[in-house]
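In the working numbering, the protein residues as written are 218 to 559.
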């Protein structure tokens, strides 16, 4: 009798385009063993999140050349992870689900049957290389309408494509069309510099506006402190969660809220800057802010980072009052919910 060595099953695959970094990943279905592992991990939010992150990496069918799990976590944002979770959910559990929703008019909770794919939407960050390349191909074939945000980003790329300067007096816009670029310091002397692009990890973001590198400095209206706002990655979140493994939900929520803050800057009476960069100090400083300061931070984040991602807006007619309501389905919460009930 031969020894059973398992089935040779080709699991189904779902292609995911990450909305913020514009990368393409083929995500395979979870196995029964992996679902069981996830289910047993739902003890603390921090432990569950880290296990899900590792499982997302394991589920990628064709991994980018040269990438490791650590590189993956540093190059995928938290908003990108939502798209990957949607793909993993879709390919593992199917498109048809029964979900609980609330009527926004009468507050009545009810269960409806939906197809997730029919409610899926995505707003992509226009600066990522993958999104721009797809857009250019679509424009060339006549499939894509003009997108002003992406057009502006492409023109920025043309302006900084090389660091070779033109003869003195040539405008930067003309230099860009000649594959040349002039820095303000070098323009006066007509110095010629060659561009050298440094890449810490294998990346598709050459000459692109990488959202992970983007940081916005804003002055808060009440405290007059400067906050540096960014888009956190999976690695940023895991680093935080490892420091507070047994935090209460309130502590965890406040800590996670501050992930979008890279640092604070205070201007001292002598005009010099003092920076707050320690994560625990950032959390403490955040809790001392006025609600108006907090709102300014989140307004800046949402307008420049947070709006780029997936959305699952579920519209339905209330069975009780007949009103038309829309619920925004949280794919992360729904993913954990389906795992817990499996």
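Glycine residues also receive a C-beta, built at the ideal position from the N, C-alpha and C atoms.
Cβ separation of residue 290 and residue 270, assumed to be a contact under 8 Å, to the nearest whole Å = Taking the chain shown and counting its residues from 1, the one referred to as residue 290 is at position 73. Taking the chain shown and counting its residues from 1, the one referred to as residue 270 is at position 53. Right, the Cβ-Cβ distance comes to about 6 Å (below 8 Å), so this counts as a contact.
Hey, which unbroken runs of the alpha helix (DSSP H) at 4 residues or more fall wholly within the region 418-505?
-> 451-460, 466-474, 496-504
Report the residue ranges of all beta strand (DSSP E) runs contained in full by the region 236-305; include only those spanning at least 3 residues, in chain order.
-> 241-245
Using the rule of at least 16 other Cβ atoms within 10 Å of the residue's Cβ for burial, across every protein chain shown, is residue 509 buried or exposed?
-> Walking along the chain shown from the start, residue 509 turns up at place 292. Residue 509 is exposed by the Cβ-count criterion.
Cβ atoms of residue 448 and residue 522: under 8 Å apart, would you say?
-> As a working mapping, residue 522 is identified with position 305 in the chain shown. As a working mapping, residue 448 is identified with position 231 in the chain shown. Their beta carbons are under 8 Å apart, which means residue 522 touches residue 448 by this criterion.
Where does residue 527 sit, in a helix, a strand or coil, going by DSSP?
-> Within the chain shown, residue 527 is the residue found at index 310, counting from 1. Correct three-state label for residue 527: strand.
Specify the secondary structure class of residue 363 as computed by DSSP and reduced to three states.
-> Position 146 of the chain shown, counted from the first residue, corresponds to residue 363. In this structure, residue 363 counts as coil in the three-state DSSP scheme.
Taking the alpha carbon of residue 490 as the point to measure from, which residue in 340, 498, 481 has its own alpha carbon closest?
-> Here residue 490 refers to the residue found at position 273 of the chain shown. Minimum Cα distance to residue 490 is reached at 481.
Would you mind reading off the limits of the alpha helix (DSSP H) that contains residue 560?
-> With the chain covering 218 to 559 only, the question about residue 560 has no answer from this structure.
Coil, strand or helix - residue 369 by DSSP | In the chain shown, the residue the question calls residue 369 occupies position 152. Note: residue 369 maps to helix in three-state DSSP.
Note down the Cα distance separating residue 303 from residue 235, rounded to an integer number of angstroms.
-> As a first step, residue 303 is located in the chain shown; it is residue number 86 there, counting from the start. As a first step, residue 235 is located in the chain shown; it is residue number 18 there, counting from the start. About 11 Å.
Taking the Cβ atom as the reference point for each residue, do residue 318 and residue 544 lie within a distance shorter than 8 Å?
-> Working through the chain shown from its first residue, we reach residue 318 at position 101. Working through the chain shown from its first residue, we reach residue 544 at position 327. Yes, the pair counts as a contact, with Cβ atoms nearer than the cut-off.
Identity of the residue in 309, 282, 273, 431 nearest residue 229 by Cα = Taking the first residue of the chain shown as position 1, residue 229 is located at position 12. Closest by alpha carbon: 309.
Which residues DSSP lists as bridging residue 544, in chain order | Locating residue 544 in the chain shown gives position 327, where the first residue counts as 1. Bridge partners of residue 544: 531.
If we call anything under 8 Å between Cβ atoms a contact, is residue 478 one with residue 451?
-> Mapped onto the chain shown, residue 478 falls at position 261. Mapped onto the chain shown, residue 451 falls at position 234. Not a contact, by the Cβ cut-off of 8 Å.
Just how far apart, CA to CA, sit residue 327 and residue 245?
-> For the purposes of this step, residue 327 is identified with residue 110 of the chain shown, where counting begins at 1. For the purposes of this step, residue 245 is identified with residue 28 of the chain shown, where counting begins at 1. Answer to the nearest angstrom: the Cα atoms are 32 Å apart.
By Cβ distance below 7 Å, which residues in the same chain neighbour residue 549 in space, the five residues on each side in sequence not counted?
-> Along the chain shown, read from residue 1 onward, the residue named residue 549 stands at position 332. Contacts found: 299, 302.
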